[in-house]
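> The structure under discussion is supplied below as structure tokens; questions concerning it will follow.
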Amino acid sequence: MTHPVDRLKEIMVRLRDPNGGCPWDIEQTFQTIAPYTIEEAYEVADAIENNDMAELKAELGDLLFQVIFHSRMAEEAGHFKFEDVAEAMENKLIRRHPHVFGDEAARPDGVSQKARWEDIKAAERIAKAQTSALDDVPVGMPALSRAAKLTKRAGRVGFDWPSTDEVFDKLHEEVGELRAEIASGDKAKIREELGDLLFVMANLARKLEIEPEDALRNANAKFVRRFQFIEAELQKDGRTPEQSDLAEMDALWDAAKAAEKTDKAA
Numbered sequence: 002m003t004h005p006v007d008r009l010k011e012i013m014v015r016l017r018d019p020n021g022g023c024p025w026d027i028e029q030t031f032q033t034i035a036p037y038t039i040e041e042a043y044e045v046a047d048a049i050e051n052n053d054m055a056e057l058k059a060e061l062g063d064l065l066f067q068v069i070f071h072s073r074m075a076e077e078a079g080h081f082k083f084e085d086v087a088e089a090m091e092n093k094l095i096r097r098h099p100h101v102f103g104d105e106a107a108r109p110d111g112v113s114q115k116a117r118w119e120d121i122k123a124a125e126r127i128a129k130a131q132t133s134a135l136d137d138v139p140v141g142m143p144a145l146s147r148a149a150k151l152t153k154r155a156g157r158v159g160f161d162w163p164s165t166d167e168v169f170d171k172l173h174e175e176v177g178e179l180r181a182e183i184a185s186g187d188k189a190k191i192r193e194e195l196g197d198l199l200f201v202m203a204n205l206a207r208k209l210e211i212e213p214e215d216a217l218r219n220a221n222a223k224f225v226r227r228f229q230f231i232e233a234e235l236q237k238d239g240r241t242p243e244q245s246d247l248a249e250m251d252a253l254w255d256a257a258k259a260a261e262k263t264d265k266a267a
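Under our numbering, the first residue of the sequence shown carries the number 2, and numbering increases by one thereafter.
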């Protein structure tokens with residue numbers, strides 16, 4: 002019986018076959034498929050957030066197929082194949098877990114073990130002749146997550162504030178600079194200062210050991226939930242938000258917050 006992964010690979014070969022394959026799949030490149038790969042990763046995260054195991058299984062399948070797709074394109078170009086990807090991951094896991102697969106003793110807790118993991122990764126960067134601590138922080142990461150990771154990397158070599166107090170001081174400074182540029186009306190400088198403010202916020206999240214993308218994702222979900230409460234309440238009178246005003250919608254927003262607190266207390 003054919004292994005499911007092998008069958009997936011066979012299907013991918015068929016889809017990419019110039020003779021009778023799928024025209025859309027045939028014309029794809031690494032660059033055109035990359036956005037779909039990112040999207041599938043987010044859909045995995047959404048399924049986890051919703052605790053929907055059936056959906057998680059489906060989304061993990063979609064993400065696996067992205068790996069199959071990229072691997073097939075690489076094999077066609079003579080770069081590598083799926084088995085090489087799996088082997089590279091196997092070697093990396095063994096290399097980064099000497100306390101499991103080697104003779105190194107395990108660290109006493111998860112935090113210490115993670116620090117050891119980072120040390121091993123740093124040695125790998127040196128072996129790759131990466132001269133900067135920031136060299137392999139992916140440019141394609143979500144900007145907030147990348148900002149947090151950049152400051153984490155810099156912090157590991159001593160470029161970090163000792164506490165969140167200094168981060169808050171910098172936050173207030175950046176707010177002031179943004180206000181000044183808004184008053185000046187210079188759009189380019191406003192954009193720059195807003196970016197600086199977001200960067201500091203990502204750094205603060207990192208200092209608080211909170212993933213900024215997760216925090217913002219939760220805030221987005223909360224906004225959607227409360228705004229839809231406003232829409233539902235207005236709909237009871239046969240109205241839409243356009244037929245309301247800010248004062249009424251603010252009051253309904255507060256009602257949504259109160260209802261959520263009641264639900265949590267129940």
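In this text, a Cβ means the ideal position worked out from N, Cα and C, and glycines have one as well.
Out of G79, F81 and D120, point me to the one whose CA is closest to R97's CA.
For this step, residue 97 is matched to residue 96 along the sequence shown. Checked all of G79, F81 and D120; the closest Cα to R97 is D120.
> Leaving aside the five residues before and after V86 along the sequence, list all residues of the same chain whose C-beta is less than 8 Å from its C-beta, in chain order.
Here residue 86 corresponds to residue number 85 of the sequence shown, with the count starting at 1. Taken in chain order, the residues that qualify are V68 and S72.
> Count the CB pairs spanning the region 165-172 and the region 191-205 that are closer than 8 Å, and state whether there are at least three.
With the cut-off at 8 Å, the region 165-172 and the region 191-205 touch.
> Tell me which residue opens and which closes the alpha helix (DSSP H) that P5 is part of.
Within the sequence shown, the letter at position 4 stands for residue 5. That run of the alpha helix (DSSP H) goes P5 to L16.
> Please list, in chain order, all residues of the same chain as A216 whose beta carbon is under 8 Å from its beta carbon, the five residues on each side excluded.
Mapped onto the sequence shown, residue 216 falls at position 215. These residues qualify, in order along the chain: A206.
> Should the region 150-167 be regarded as contacting the region 43-62, the criterion being three or more beta carbon pairs within less than 8 Å?
Cβ pair count under 8 Å is below three, so no.
> Using the rule of at least 16 other Cβ atoms within 10 Å of the residue's Cβ for burial, across every protein chain shown, is R180 buried or exposed?
As a position in the sequence shown, residue 180 is number 179, starting the count at 1. Exposed is the call here.
> Cβ of I34 within 8 Å of Cβ of F83?
As a working mapping, residue 34 is identified with position 33 in the sequence shown. As a working mapping, residue 83 is identified with position 82 in the sequence shown. Cβ atoms of I34 and F83: not closer than 8 Å.
> If I231 sits next to A257, beta carbons under 8 Å apart, how far is it from one beta carbon to the other, in whole angstroms?
Against the sequence shown, residue 231 aligns to sequence position 230. Against the sequence shown, residue 257 aligns to sequence position 256. Confirmed, about 7 Å.
> State yes or no: is the C-beta of E44 within less than 8 Å of the C-beta of D63?
To locate residue 44, count along the sequence shown from 1; it is residue 43. To locate residue 63, count along the sequence shown from 1; it is residue 62. In contact: E44 and D63 (Cβ atoms closer than 8 Å).
> Can you give me the C-alpha to C-alpha distance between P242 and F228, rounded to a whole angstrom?
Counting from 1 along the sequence shown, the entry for residue 242 is found at position 241. Counting from 1 along the sequence shown, the entry for residue 228 is found at position 227. Distance between the alpha carbons of P242 and F228: 10 Å.
> Sorted by chain position, which residues of the same chain lie with C-beta nearer than 6 Å to A148's C-beta, five sequence neighbours on each side aside?
Residue numbering aside, residue 148 sits at position 147 when the sequence shown is read from its first letter. Cβ neighbours of A148 beyond the five flanking positions: F200 and A203.
> Near E268, which residues of its chain fall below 6 Å by C-beta distance, leaving aside the five closest residues on each side in sequence?
Lying before the first or after the last residue shown, residue 268 is absent from the chain, which here runs from 2 to 267.
> Under 6 Å Cβ to Cβ from E182, same chain only, skipping five residues before and after it: list those, please.
Within the sequence shown, the letter at position 181 stands for residue 182. Once the five neighbours on either side are set aside, the close Cβ partners of E182 are K190, I191 and E194.
> First and last residue of the alpha helix (DSSP H) that includes G21?
Residue 21 sits at position 20 when you count from the first residue of the sequence shown. First-last for G21: undefined, no H or E at that position.
> Could you check whether V225 and L198 sit closer than 8 Å to each other, using their CB atoms as the reference points?
Counting from 1 along the sequence shown, the entry for residue 198 is found at position 197. Counting from 1 along the sequence shown, the entry for residue 225 is found at position 224. Not in contact: L198 and V225 (Cβ atoms no closer than 8 Å).
> If I follow the unbroken alpha helix (DSSP H) through L209, where does it start and stop?
Residue numbering aside, residue 209 sits at position 208 when the sequence shown is read from its first letter. Where L209 is concerned, there is no enclosing alpha helix (DSSP H), given that its DSSP letter is neither H nor E.
> Please go through the same chain and pick out, in chain order, the residues whose beta-carbon is closer than 6 Å to the beta-carbon of F81, but skip the five residues on each side of it.
As a position in the sequence shown, residue 81 is number 80, starting the count at 1. So the list reads A75, once near-sequence residues are dropped.
> Is G103 helix, strand or coil by DSSP?
Taking the first residue of the sequence shown as 1, we reach residue 103 at position 102. In this structure, G103 counts as coil in the three-state DSSP scheme.
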